[in-house]
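**Q**
Numbering (this note's numbering), first residue to last: 168 to 273.
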């Protein structure tokens, strides 16, 4: 709601005159940050989960692999998710899979 902060964001961050105008004109602005390297924190999260003692050992064993897949790290994970959603879309509408980088720019 700070006018000077909105001006700085509009001038330095927003792409296009329309977006700049919207930032300057809005009554409230929410900013979301995309983490393009979330996979780098999985090991630390795993350590915290183990330390808490509240997770099943099988969950802890699968966490690094499933986290990497769900985060879409690498082309193989994105390809596998695209194939799965394409197959499932014949019976039910499914979302288009995009990388974390793609989502961070939306």
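All residues carry an ideal CB built from backbone N, CA and C; glycine is no exception. Owing to the predicted nature of the structure, the values given are computational and were not obtained by experimental measurement.
(1) With a threshold of 16 other CB atoms inside 10 Å of the CB of residue 190, please say whether the residue is buried or exposed.
(2) Measuring alpha carbon to alpha carbon, tell me which residue in 243, 257, 211, 186 is nearest residue 265.
(3) Taking the alpha helix (DSSP H) that residue 173 belongs to, which residues open and close that run?
(4) Expressed to the nearest angstrom, what Euclidean distance is found between the alpha-carbon atoms of residue 198 and residue 208?
(5) So for residue 215, helix, strand or coil by DSSP?
(6) Could you tell me if residue 269 is buried or exposed, where buried requires 16 or more neighbouring beta carbons within 10 angstroms of its beta carbon?
(7) Answer with buried or exposed for residue 175, where buried requires no fewer than 16 other C-beta atoms within 10 angstroms of its C-beta.
**A** According to the structure data:
(1) In the chain shown, counting from the first residue as 1, residue 190 sits at position 23. Under this definition residue 190 is a buried residue.
(2) To locate residue 265, count along the chain shown from 1; it is residue 98. Out of 243, 257, 211, 186, 243 has the C-alpha closest to the C-alpha of residue 265.
(3) Counting from 1 along the chain shown, the entry for residue 173 is found at position 6. Element bounds for residue 173: 170–179.
(4) Mapped onto the chain shown, residue 198 falls at position 31. Mapped onto the chain shown, residue 208 falls at position 41. Roughly 22 Å between the two C-alpha positions.
(5) Along the chain shown, read from residue 1 onward, the residue named residue 215 stands at position 48. DSSP places residue 215 in helix when its eight states are reduced to three.
(6) Within the chain shown, numbered from 1, the residue matching residue 269 stands at position 102. With fewer than 16 Cβ atoms within 10 Å of its Cβ, residue 269 is classed as exposed.
(7) Within the chain shown, residue 175 is the residue found at index 8, counting from 1. Answer is exposed; the Cβ neighbour count stays below 16.
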